[in-house]
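Mapping to my numbering: the sequence shown position 77 is 1131, numbers consecutive.
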Amino acid sequence: MPRILVVDDEAGLRALYTQELEYVGYEVVTAESGSAAVAAVEDHDIDVVVLDIAMPGMDGVEALSKILATDNQLPVILNTGYASYQDDFMTWAAEAYVVKSSDVSELLERINEALTKRGITPPQRPSA
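Right, here's the structure in full:
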């Protein structure tokens, strides 16, 4: 079962993404900060990181750099409420960029694409 690390300083969003990803069939690890994300990557076998950018302390851009320094093959999907970060060259190392939404369809699509590129078969969303 693919393991996704969800990093966001907002507990409600971590809970929403965890619920949606687990429903599809992913194992989810969460972190509330950039520094906790870096530690989680070091402590767990993570297949994809979903990373918020605007967080107190170590922001997502700095965390992205540290995560990729640990494992430069690990796909990181930036997930933020600010579309303007797409133009920041420091974010270009990310696998994908998704603007936050309560509709997780695009996020799931990007996660599935990242896994497929790594040769990992994503779980299939249960039928309604």
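For each residue, glycine too, the CB sits at the ideal point set by N, CA and C.
Report yes if the CB atom of glutamate 1076 is closer than 7 angstroms to the CB atom of valine 1083, and no otherwise.
no
Excluding the 5 residues preceding and the 5 following alanine 1148 in the sequence, name in chain order all residues of the same chain whose CB lies nearer than 7 angstroms to its CB.
Only residues of its own chain outside the window of five on either side were considered, and among them Leu1118, Val1130, Ile1131, Leu1132 have a CB closer than 7 angstroms to the CB of alanine 1148, listed in chain order.
Excluding five sequence neighbours on each side, which residues of the same chain lie with their C-beta closer than 6 angstroms to the C-beta of leucine 1161?
Val1152
Just checking, does the segment 1062-1071 make contact with the segment 1090-1099 on the three C-beta pairs under 8 angstroms criterion?
no
Quick check on DSSP: helix, strand or coil for threonine 1170?
The answer is helix: DSSP assigns threonine 1170 an H, G or I state.
Which residues in the same chain as isoleucine 1100 place their Cβ atom closer than 6 angstroms to its Cβ, once the five residues preceding and following it in sequence are excluded?
Arg1057, Leu1059
So the beta strand (DSSP E) isoleucine 1058 belongs to, where does it begin and stop?
1057-1061
Valine 1158 and glutamate 1086 - do their beta-carbons sit closer together than 7 angstroms?
no
Do valine 1078 and proline 1177 have their beta-carbon atoms positioned less than 7 angstroms apart in this structure?
yes
Going by CA-CA distance only, name the one from Gly1135, Ala1094, Leu1128 that's closest to leucine 1169.
Leu1128
Mind checking who valine 1158 pairs with in its DSSP beta bridge?
Valine 1158 pairs with nothing; no bridge assigned.
Nearest-angstrom Cα distance between proline 1110 and valine 1061?
For proline 1110 and valine 1061, the gap between their C-alpha atoms comes out near 12 angstroms.
Looking only at its chain, what residues have a beta carbon closer than 7 angstroms to the beta carbon of tyrosine 1071, apart from the 5 residues adjacent to it on each side?
Val1060, Val1104, Val1158
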